[in-house]
Amino acid sequence: MWKKRILLFQTAVNSRYPVNGKGIIPVLNKLELLGKALTNPKSVRLIFAVSRPQGTRMEDKQTVQSESLADSENVDCISIVGPVEMNQLRAINVWTVRYLRRAVDVPLAQYRAFFSLEVLAQYATILENFDERQSSIESMLTNIPQYVWEL
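Just so you know, we're using numbering that gives the first Met the number 0 here: the sequence shown kicks off at 0 and counts up by one.
Structure representation (structure tokens):
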């Protein structure tokens with residue numbers, strides 16, 4: 000479909016605002032390139048557009064922050080969690096992956112009624128699959144070739 004592709008992400012170069020994978024992943028997904036990038040990160044490129052007057056040079060490969068993608072996300076970002084599960088988790092005030100992880104790792108009294116051994120095992124597997132995907136995404140973000148376009 001796309002023989003030649005260019006993805007352009009304009010960014011301010013600043014150590015206080017590192018490049019964030021949280022913005023890159025949805026763009027790759029919308030362009031239907033996420034699956035391809037996960038399989039072969041060199042099939043896409045990141046091009047950072049920076050203006051010359053900034054005085055900042057981007058010569059080194061940028062570290063794309065991706066840890067914020069995982070635990071702070073809403074549990075609905077986990078593809079296996081559907082509307083039924085989402086409503087069940089909301090009923091016990093589990094909104095983020097971090098809280099789901101805590102609820103599964105050390106179920107508090109408020110969660111014990113919901114997390115039977117079967118349900119606990121199911122969510123442990125869901126989190127394991129989620130972590131594997133996050134690891135793939137982090138690896139992809141590290142291995143995508145990067146270029147700088149100075150304006």
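For glycine and all other residues, C-beta sits at the position ideal for the given N, C-alpha and C. Just so you know, these numbers come straight off a predicted model, no measurement behind them.
Boundaries of the alpha helix (DSSP H) in which Glu-127 is found, first to last residue: Residues 116-142.
Three-state secondary structure assigned by DSSP to Glu-149: strand
Per DSSP, cross-strand counterpart(s) of Asn-86: DSSP lists no partner for Asn-86.
Burial state of Leu-45, where buried means 16 or more other Cβ atoms lie within 10 Å: buried
Where Ala-108 falls, given that 16 or more other Cβ within 10 Å makes a residue buried: exposed
DSSP beta-bridge partners of Asn-73: Thr-95
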